[in-house]
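Take a look at the structure set out below.
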Amino acid sequence: MTTITKERIELFIKSPLENGLTRGEQMELARIALASLEAEPIGYMNRFTGRVFSLDEQPGADTDTDVYEPVYAAPPAPVVPDDGRAEFEAWMLKKWGRERQEYDFALGKFLHGENYADSYTRHMWKAWTESRAAMLQGKYRDLSQPVDPQISEYEKIMLQAGNSPVTQDGWISCSERMPNDKDYVWCWGKSYGWTECDTFEGYYDWSRNKWWAVTDDVEEPASKVTHWMPLPEPPQQEVK
């Protein structure tokens, strides 16, 4: 279920082309409008005194519109679990909204409620939820599996708002921060054929979304890496 906030509606009214409503938000807005049309008044307020009466107390108040106006109860706010969808959709709108207007973005062909019509958006949502769940639970994404560079960007944004990813012993969690492209680092994980995790030298190739292990001058794909740390600086020769 999609929620829509007052601020989101105000943004849409102010600049509808740049802040188009998703299909889910359109449905939620229609639901709110329908509920307001079907709602029954809880009383009728006298325009001059400000007092509220029921029809039992003041018969005919519902038809005497010159004196009385209906009063409605505020609808309860829907309880919706925070699955990150609103954050995801806002990020996608900001990232791709203008570029996809020609694909009828405003009518929901790009974002389509809880089931996205656009295959790329579905792919991004799946990767987003998996990354978000792993990070919130303190687990590690399987780094041997490719991930969209945009999701990597999102992971970085999320983690910049959190605590330092560096542990007391100097290891950096891969789910918290990744090394620069093809920088040689010290890794903790597995290479293909290994039965247990161990340390090894390697690097992460951002263009391929893959870790590589470097052993005995041979490079081979690493099947799993969970932590890394910068290589130690070489010893400096003493100057006599």
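Using the UniProt record's numbering, you'd call the opening residue of the sequence shown number 1 and step up by one each time. The beta-carbon is built from N, C-alpha and C at its ideal position, and this holds for glycine as well.
Taking the alpha carbon of residue i as the reference point, which residue from the options has its own alpha carbon closest?
| i | options | result |
| --- | --- | --- |
| residue 68 | 46, 54, 57 and 88 | 46 |
| residue 175 | 70, 61, 226 and 55 | 226 |
| residue 66 | 44, 220, 34 and 215 | 44 |
| residue 218 | 231, 11, 200 and 64 | 200 |
| residue 250 | 85, 28, 188 and 182 | Lying before the first or after the last residue shown, residue 250 is absent from the chain, which here runs from 1 to 240. |
| residue 231 | 26, 203 and 40 | 203 |
| residue 208 | 190, 215, 228 and 182 | 182 |
| residue 173 | 89, 198, 228 and 30 | 228 |
| residue 194 | 221, 177 and 179 | 221 |
| residue 206 | 179, 214 and 61 | 179 |
| residue 40 | 211, 198, 54 and 86 | 54 |
On the criterion of 16 or more Cβ atoms from any shown chain inside 10 Å, does residue i qualify as buried, or is it exposed?
| i | result |
| --- | --- |
| residue 59 | exposed |
| residue 192 | exposed |
| residue 8 | buried |
| residue 48 | exposed |
| residue 162 | At residue 162, the pLDDT of 43 sits below 50, so the modelled position is not reliable and the matter cannot be decided from this model. |
| residue 23 | buried |
| residue 185 | buried |
| residue 42 | exposed |
| residue 51 | exposed |
| residue 6 | exposed |
| residue 99 | Annotation note: pLDDT 47 at residue 99 (below 50); position unreliable, no value reported. |
| residue 33 | exposed |
| residue 57 | exposed |
| residue 21 | buried |
| residue 196 | exposed |
| residue 15 | exposed |
| residue 126 | exposed |
| residue 35 | exposed |
| residue 30 | exposed |
Please report the residue range of the beta strand (DSSP E) in which residue i lies.
| i | result |
| --- | --- |
| residue 211 | 210-215 |
| residue 46 | 43-46 |
| residue 205 | 198-205 |
Would you list the one or two residues that DSSP bridges to residue i?
| i | result |
| --- | --- |
| residue 222 | 191 |
| residue 70 | 44 |
| residue 230 | 185 |
| residue 53 | 44 |
| residue 173 | 227 |
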